[in-house]
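For the sequence shown, the numbering used here gives the first residue as 122, with consecutive numbering after it.
Just so it is clear, CB atoms sit at the ideal spot from N, CA and C, and this is done for glycine as well.
Everything numeric in this text was worked out from a predicted model, so none of it was measured.
Written out below as structure tokens is the structure these notes cover.
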Amino acid sequence: MYLSGLAFALGAALLWGTAGPILRIIGTYGVDILTVNLIRYGASSIVLWIVTFTAARRREKPSWSWKNALFILGSAGMLTSSLGLNVAFLRISVGLAMVLYYTAPCWVMLGTWFFSRRIATLYQIVAFLLAIAGVWKAVGGARLSGSFDLIGVAAALTGAVGYAFYVLNGHFGPGRGDSFGLFRRTFFAAAIMMLLLNIVTGNLGALFSIPARAWLLLLYLAIFNSLVPYGFFLMALSRVSGNAASIATMSEVPFSMAAAFLMLGERPELGAV
């Protein structure tokens, strides 16, 4: 059970690791971040709608309850995680963005202490401080190499906090006993939020100017960089703790560096390594 949970977390990390290079390539077609995430969550939600109502014909009616503060934060966190990391990918190196993004286990640790009402152990406190020190060093290395960008750094950290809320919702939220139900509702809520954001910003018209090649990459992001890995991660959360799952997905950092090198020829900063 525990090993399968770690395997799901590692599988999610491997797929997530390809996001940065793919997003950079999509950007060359002139597709902006709001449009990317509208398609990403919209397409994923359509797939989940089909699966949900096909299953509902065979079994009992699915639950659509989502009146829970942590669930709302988790759904918004999923969206914030994507938007923040997407902005970071466009302003700083993929490697540095992932190092900053994976301060998420630190925020998960803080949230776990809060929700479980447990006192932090000395080892946890030391691990937390070492992680923060590592991030400080990585940012310092970026400054020395001239690749530092404050907006990119802030976006990556914002994405990390959003991801932490998603993790905490998966472990402490209303759907812990129903992984697929939670998965479905979270994606639907995120898609609705993204649709409203695109309507408010007047960005829906951009959908009609996307070239065919970019659509293929966008569908890859929706299925293999969103739907599948988030599903893997929720499966992991049903088998291991939020802390363990978050730490396992930190393997996304070397995966993303390798993907950036292979697909973009980008070498990470020494501090990030």
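Out of Gly126, Leu127, Met122 and Leu131, the CA that lies nearest to the CA of Phe376 is found in Leu131.
Phe210 is the residue among Ala365, Ser367 and Phe210 whose C-alpha sits nearest the C-alpha of Ala380. Pairing Ser166 with Phe308 gives a Cβ-Cβ distance under 7 angstroms. In the three-state DSSP reduction, Ile193 falls in the helix class (H, G or I). Within the region 265–346, the complete alpha helix (DSSP H) segments of 4 residues or longer fall at 271–293, 300–321 and 333–343, listed in chain order. Scanning Cys227, Leu135, Leu159 and Met199 for the CA closest to the CA of Arg306 turns up Met199.
Per DSSP, the continuous alpha helix (DSSP H) segment holding Arg145 begins and ends at Ala140 to Gly148.
Rounded to whole angstroms, Trp228 and Val282 show a C-alpha spacing of 6 angstroms. Closest by C-alpha distance to Met122, out of Ala366, Val361, Met384 and Arg388, is Val361. The three-state secondary structure of Tyr223, taken from DSSP, is coil. For Leu206, the closest C-alpha among the options Val172, Ser196 and Trp137 is that of Trp137. Per DSSP, reduced to three states, the secondary structure at Ser362 is coil, with no helix or strand assignment. The DSSP-derived three-state label of Gly163 is helix.
The three-state secondary structure of Ser367, taken from DSSP, is helix.
Three or more Cβ pairs drawn from the region 269–288 and the region 220–227 lie within less than 8 angstroms of each other, which places the two stretches in contact. Residue environment for Thr242: exposed (fewer than 16 other C-beta atoms within 10 angstroms of its C-beta).
Look at Glu387 here: in three-state DSSP terms it is coil, with no helix or strand label.
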